[in-house]
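Following this note's numbering, the numbering of the sequence shown begins with 36 at its first residue and continues without gaps. Idealized CB from N, CA, C, for every residue including glycine. Just so we're clear, the structure is a prediction, and the values are computed from it rather than from any experiment. A quick write-up on the structure given underneath.
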Amino acid sequence: MSAELYNACLESWRGTYRWWREHHPGPDERFPRDLQMSRYDLMKEFTGVRKDRLEWERLAVQVGRGVLCRFDRTVRSFYQRCEQGGNPGYPRFKPSRRWRTIEIPDAAPSMLSAPETPRNHRAKWWKLQVKGLPRLRFRDKGRRLATALEGGGKAVMLRIVRTPLRTELQVVIRHPDRDTGSESLEPSNPVGVDKGLSYRLTLSDGTVVAARVADMSRIKRAQGRLSRSKKRSRSRRKKALAVAKAHRREQERATQADFRLAHRLVSAYDGIAVEDLNVAGLLRTKRFSRKMSEQRWAALSRILEHKAEKAGVPFVRVNPKNTTTDCSQCGHRQTMPLSQRTFHCQACGLCLGRDHNAAINIGARAFGPGSGGTTPDAMRPTNLRCNTDTASGRRSANGHRRTVSPSVDKPVNPGI
């Protein structure tokens, strides 16, 4: 039903444009905005659809509005890409088998029921009740949802997502404005972060994070069974589901490891600067594209930015131009081929790791000279190993906490 409504909106939008183009064949003519139905116009039309279609009348009105909001975002993104001059990516029709998300905007507070309340007598399970949908129960692991709601947050959108492993509930919460009180303070222990392949991350205080190696053995075995199965058979559908589950488990394992690493960095430093790499452009190279994709630089930066903003820690993206070729001590610029892993300044004689020098420059550009860097005598890049389940890191001789990602990522059951 949701895919049918989405495709109907897309067909109406395309038909309106074809009609306008037939009556305005000029090449300089632009499609007027007054002929485009806004989100609220679509919702008014949907009111009439609910009167004519009994199956939509039996559902909560927010379910249909979620489909219309999704279509409106698709059209707006299409126009935005056209204005930016990139690949427009024309909106396409969606088959019902590929529709995996039910969005519920403007969720009513009565839809969610906390445990041990008059509406929900269960001891541990939360309850989700939406008109026309099956009643769902879920666990609030770590009391994240309860803590957010008790702190004054408001659930503004619910998403019921069907994944290969389970059916998940995603809750979008609007938090009240909070004054952290640290926005005007200069960070006393900032750090610069350089991304690489020999080490996944190199910090300006000398700490290095081991390069990530994805465990693809289970995915390869499942993919081999799928390739040997007969097409359009029942066993092939089961093996295709096994491949999807293997990919999903690997993705969740990597995401949980990135969240643990980001938590340790935000807990150890009060200012974080990372290089703003064009990861999409780097992945076009044939030589190191697979290894670069395994490091998950873009995903880790997004998670780190989210964690830093939540904790009130300044997070700065720095242009990586000349961060490797500039000396972090005197500022002299010299050529550095990729095969040369040690930076030896021809002006002042500074000698240290290539990535370490870049990390110090990144921290200096974001927070000023001397931010998070160490003197040449105290620099000892170390690859420390720590327990995957603990969030506490070790401290070096100069007081800085050294944190690294675990060498083996343990699977962690995700929360809501």
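Outcome for residue i when other beta-carbon atoms lying within 10 angstroms are tallied against a minimum of 16
i: Q375; result: exposed
i: P349; result: buried
i: C380; result: buried
i: R127; result: exposed
i: A142; result: buried
i: G388; result: buried
i: T410; result: Bear in mind that the predicted position of T410 carries a pLDDT of just 43, short of 50, making it unreliable; the figure below should be weighed with that in mind. Exposed.
i: R53; result: exposed
i: R247; result: buried
i: K274; result: buried
i: C44; result: buried
i: D87; result: exposed
i: Q97; result: buried
i: S131; result: exposed
i: E57; result: exposed
i: D212; result: exposed
i: L89; result: exposed
Coil, strand or helix - residue i by DSSP
i: Y304; result: coil
i: K129; result: coil
i: D310; result: Strictly speaking, residue 310 in this sequence is Glu, with Asp absent from that position. DSSP places E310 in strand when its eight states are reduced to three.
i: D76; result: helix
i: K273; result: helix
i: T360; result: coil
i: F378; result: strand
i: R319; result: coil
i: L373; result: coil
i: R49; result: helix
i: R368; result: strand
i: R56; result: helix
i: R267; result: coil
i: A279; result: helix
i: Q71; result: coil
i: E221; result: coil
i: V248; result: coil
i: A142; result: coil
Residues bridged to residue i [DSSP beta-bridge criterion]
i: F173; result: W161
i: I195; result: I137 and L204
i: T237; result: D229 and V243
i: C455; result: The question about residue 455 has no answer here: the residues shown for the chain are numbered 36 through 451.
i: N155; result: T152
i: F350; result: I307
i: K189; result: R209
i: L147; result: L163
Option nearest residue i by Cα separation, candidates the options
i: R85; options: M36, R127 and T109; result: M36
i: L184; options: L168, Q205 and H210; result: H210
i: Q369; options: N392, F81, E203 and R352; result: N392
i: G398; options: E46, W48, M371 and Q364; result: Q364
i: P404; options: V226, L387, H59 and F113; result: V226
i: A343; options: G101, S302, R267 and R288; result: S302
i: S47; options: Q97, V96 and D107; result: D107
i: L204; options: T290, R88 and E138; result: E138
i: S233; options: R295, E329 and R105; result: E329
i: D361; options: K345, G384 and E340; result: G384
i: L312; options: Q71, V351, Y52 and Y114; result: V351
i: N224; options: C386, A308, M371 and G101; result: A308
i: K280; options: L300, R299 and M251; result: M251
i: A257; options: E285, Y75, K159 and H59; result: E285
i: G463; options: P140, R263 and Y304; result: Any answer about residue 463 is impossible in this case: the structure gives the chain only from 36 up to 451.
i: A249; options: G347, H282, N357 and R93; result: H282
i: P222; options: Y304, L276 and H58; result: Y304
i: L296; options: R105, A149, L339 and K265; result: L339
i: R175; options: R116, V206 and K230; result: Sequence check: residue 175 is Asp here, not Arg. Comparing Cα positions, the closest option is V206.
i: K189; options: I195, R197, V196 and L180; result: L180
i: G231; options: R93, F323, I208 and E92; result: F323
Limits of the unbroken beta strand (DSSP E) element including residue i
i: D229; result: P225 to K230
Extent of the continuous alpha helix (DSSP H) to which residue i belongs
i: F106; result: V96 to Q119
i: F402; result: R389 to F402
i: N122; result: Premise fails: N122 is in no alpha helix (DSSP H) and is neither H nor E.
i: M327; result: S324 to Q330
i: R260; result: S252 to R263
i: H168; result: Sequence check: residue 168 is Leu here, not His. Run containing L168: none; DSSP gives neither H nor E here.
i: E90; result: L89 to E92
Residue i CB to nearest heavy atom of the ligand NAD below 7 Å
i: V206; result: Among the components of this structure there are no ligands whatsoever, and the ligand NAD is therefore not found.
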